[in-house]
Structure formats: structure tokens, C-alpha cells
Amino acid sequence: TVKGNSNRSYAVYNDELHQVVLSEQQLTNSMEDALLQRQFEVYYQPVVDLKTGEVVSAEALVRWNHPEKGMVSPGFFIPFFEHNGFIIKLDAYIREEVCRNMLELRRRGLSSIPVSVNVSRLEFYDPNLCRSIIDLTERYRLKPGMMRLEITESAYTDNPQQLLAAMKELQSYGFQVLMDDFGSGYSSLNMLKDVPVDILKLDMKFLENQGISGRGPEILASLVRMAKKLGMRTIAEGIETKEQGEFLRSIGCEYGQGYYYARPMPADAFTGLLMARENVKG
Ligand code: C2E
Ligand code: MG
Ligand code: MG
Ligand code: MG
416 TVKGNSNRSY AVYNDELHQV VLSEQQLTNS MEDALLQRQF EVYYQPVVDL
466 KTGEVVSAEA LVRWNHPEKG MVSPGFFIPF FEHNGFIIKL DAYIREEVCR
516 NMLELRRRGL SSIPVSVNVS RLEFYDPNLC RSIIDLTERY RLKPGMMRLE
566 ITESAYTDNP QQLLAAMKEL QSYGFQVLMD DFGSGYSSLN MLKDVPVDIL
616 KLDMKFLENQ GISGRGPEIL ASLVRMAKKL GMRTIAEGIE TKEQGEFLRS
666 IGCEYGQGYY YARPMPADAF TGLLMARENV KG
């Protein structure tokens with residue numbers, strides 16, 4: 416197809432991994448309506464303290480509840496929305512949904528836990544990003560510590576000055592910044608020299624085949640050691656087995672996230688989990 420026309424198509428996978436192909440035109444036509452019709456939903460995946468097993472925070476993950484395709488995972492629509500810029504609107508919407516959910520928790524008298532949101536690298540081109548996040552949390556009377564921001568290495572390679580300035584401003588207000596998928600990119604270590612992240616999320620690629628074999632474990636142990644020296648905490652992503660969780664705890668990794676502990680779940684289920692947690696604590 417000719418450059419600039421809209422015949423490119425994107426493979427989209429729903430939760431049963433059925434592939435559906437939507438053309439760029441179909442996606443473009445449906446995304447604005449989808450936002451208005453509230454087809455985008457926030458799922459929450461718990462993060463646990465590896466020592467105690469207690470749920471200590473969560474990550475917000477978008478799902479597209481598509482009227483014909485069912486629940487669609489973000490891996491395939493996010494790249495497209497980054498390509499056409501719609502991700503900026505979608506992420507702002509997701510952040511507001513997270514605030515709404517937190518307000519609801521407070522109304523029910525539940526003590527909430529910090530929730531991290533994924534911030535697309537594209538958003539760091541927006542000079543109003545910090546202001547809009549600060550304004551949002553103030554409108555919902557949320558403490559800045561309750562909403563954490565997950566950034567990726569690509570945000571740094573794109574635009575290091577802008578990223579550093581934004582991080583500094585957000586951190587001065589009390590927001591914590593997490594580096595997502597750490598180790599999966601091309602400039603990780605170089606970047607850490609300059610970027611004062613609060614929490615490193617260790618990429619799940621270091622854990623293979625549900626086990627802890629090969630070279631991954633030694634790399635993980637080294638990264639955790641380094642993180643401690645640099646004053647950062649670590650969350651291991653993609654823990655699928657008990658053995659992996661125990662290994663990560665044994666090397667001093669503080670937190671874990673993965674199917675072994677819990678899958679991403681709708682807001683209602685997450686509320687239920689927090690209620691149960693409260694009862695356990697008494
Ligand atoms: P991520 O931020 O690294 O999120 C973690 C992904 O790993 C999620 O995929 C989660 O469901 C998956 N995961 C969690 N535990 C396990 C496990 O034990 N095993 C395996 N195999 N996977 C696990 P998900 O929800 O499909 O999201 C994919 C990516 O899409 C996210 O990766 C993030 O980069 C992006 N994304 C998701 N929601 C948003 C959003 O609201 N805004 C933006 N900008 N990006 C988002
Ligand atoms: Mg993330
Ligand atoms: Mg990640
Ligand atoms: Mg990822």
C-alpha cells in the first residue's frame with residue numbers, strides 16, 4: 416500500500432488469544448466512540464511483598480471491552496494508539512478511572528493501596544503532563560503517593576531532558592516513579608546513571624519456562640544488588656511459580672507481581688480483594 420494511506424492492519428488478540436485483524440481505518444473509526452461508550456476498562460493486578468505475601472500495591476492495566484471482539488488485551492492496540500497519538504487521551508482517561516475507583520474505595524471506608532499507571536513515552540512530549548497529573552490527584556483529594564507512574568526506557572532514549580525534568584517535578588510533589596520492563600531495552604544501565612527512579616520493575620524475560628534456570632537468575636541477583644546500592648526497590652514481574660517467588664525473595668527482591676499471586680482483575684474483584692485483606696488484618 417502507498418505510504419500514508421490507511422490500509423495497514425493490526426493484529427489484535429482477545430483473551431482467548433483469538434487473532435482478529437482490524438484495519439487501521441476500523442481502529443481509527445472506533446476508538447473515539449469506544450472511549451465515549453466506556454469500552455476501555457481498568458484491570459488491577461496486585462503486587463505482593465515477597466516476605467509476607469501481603470498485597471501492598473497494584474498496577475492498572477487497560478482492557479478494551481469490544482462489543483464484537485470481546486475483551487481485548489493492550490499488547491496490540493497500544494502500539495497502534497502510540498502510532499496515531501490516541502494513547503495520550505486514553506492514558507488520561509485511565510488515570511481518571513483509577514482516581515474514580517480510589518474515591519469509591521474511600522467511600523466504602525477501605526484503606527487503599529498505591530496503584531501504578533503506565534505512562535506512554537509519547538506523553539513526555541507534552542509539557543503539561545505533570546500539571547495534569549497533579550491537578551487530577553488534587554481534584555480527587557488523593558495523596559500523590561497513591562498514584563505511581565510507570566515509565567519505560569524508551570521515554571528516556573526518546574527525550575532524556577524532558578523525561579528528567581518531568582520526573583523531578585513529579586517526585587518533588589511526592590509521586591514515585593517506576594522503571595517498567597527493566598533490562599528489556601538497549602540502554603538500561605546507561606540510563607540508570609542519570610535517572611533517579613524509585614522502583615525498578617525487573618523484566619519477566621529473566622524468568623524462563625516457569626523456572627529459574629539458565630543465566631537469568633544470576634542477572635536478577637546482580638540487578639537486585641545494584642538496585643539496593645542505588646537506593647531503589649525492586650518488583651519482579653511475571654512470577655508464575657512458587658519456586659520463582661521463593662528465589663526472588665532469597666536474593667532480596669522486595670516485591671513480586673505475576674500470575675502465581677494474581678491475574679489482572681476487574682475493579683469489582685479488586686475491591687473484594689481489598690475488603691478481604693482488611694478483614695484479615697482485623
Ligand atoms: P506492562 O506494563 O509490563 O504490564 C505487565 C504485563 O504482564 C501485563 O500485560 C500483565 O497482564 C502481564 N503479566 C502479569 N503477570 C504475568 C505473568 O505471570 N506471566 C505473564 N506471561 N504475563 C504476566 P497486559 O495487561 O497485556 O499489558 C501489556 C502491556 O501493555 C503493559 O506491559 C504495558 O506496557 C501496556 N499497557 C497496559 N495498560 C496500559 C495503559 O493503561 N497505558 C499504557 N500506556 N500502556 C499500557
Ligand atoms: Mg507496567
Ligand atoms: Mg512491565
Ligand atoms: Mg511490558
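Take the sequence shown: its letters are residues 416 to 697, numbered as in UniProt numbering.
We put the beta carbon where it would ideally sit given N, CA and C, even for glycine.
Predicted model only: the values in this text are computed from it and were never measured.
Give me the Cα-Cα distance between residue i and residue j, rounded to the nearest whole angstrom.
i: I493; j: N694; result: 37 Å
i: V610; j: R556; result: 28 Å
i: V417; j: P489; result: The predicted model places V417 with a pLDDT of 35, which falls under 50 and marks its position as unreliable; any figure quoted below should be read in that light. Going by the C-alpha atoms only, they are around 27 Å apart.
i: A449; j: H481; result: 8 Å
i: S664; j: D550; result: Contrary to the premise, residue 664 reads as Arg rather than Ser in this sequence. Answer to the nearest angstrom: the Cα atoms are 37 Å apart.
i: residue 757; j: V471; result: Outside the displayed span of the chain (416 to 697) sits residue 757, for which this structure offers no information.
i: R640; j: N605; result: 17 Å
i: D683; j: H498; result: 32 Å
i: residue 699; j: L505; result: Lying outside 416 to 697, the shown extent of the chain, residue 699 is not represented and no answer is given.
i: L622; j: R453; result: 35 Å
i: S659; j: N444; result: Note that residue 659 is Gln in the sequence shown, not Ser. C-alpha separation (whole angstroms): 43 Å.
i: P542; j: L593; result: 20 Å
i: D595; j: R522; result: 31 Å
Looking at C-alpha atoms only, which residue of the options is the closest neighbour of residue i?
i: G646; options: V457, D596, E633 and V612; result: V612
i: P559; options: V534, Y571, L593 and Y588; result: Y588
i: I502; options: Y540, S527 and K484; result: Y540
i: G667; options: M680, A642, T656 and A677; result: A642
i: L451; options: R523, W479 and G468; result: W479
Answer yes or no: do residue i and residue j have a C-beta to C-beta separation smaller than 8 Å?
i: V462; j: E512; result: no
i: G600; j: L465; result: no
i: I654; j: Y675; result: yes
i: F590; j: L564; result: yes
i: V530; j: M562; result: yes
i: A507; j: C545; result: no
i: I509; j: A473; result: no
Mind checking residue i: buried by the 16 CB within 10 Å criterion, or exposed?
i: G419; result: In this prediction, G419 has a pLDDT of 43, which is less than 50 and means its spatial position is unreliable; what the coordinates show is noted afterwards. Exposed.
i: D569; result: Residue identity check: residue 569 is Ser in the sequence provided, not Asp. With 16 or more other Cβ atoms within 10 Å, it is buried.
i: E669; result: buried
Quick one: complete beta strand (DSSP E) runs, 3+ long, within the stretch 496-553?
-> Given a length threshold of 3 residues, each whole run of the beta strand (DSSP E) inside the stretch 496-553 is given here in chain order: 530-533.
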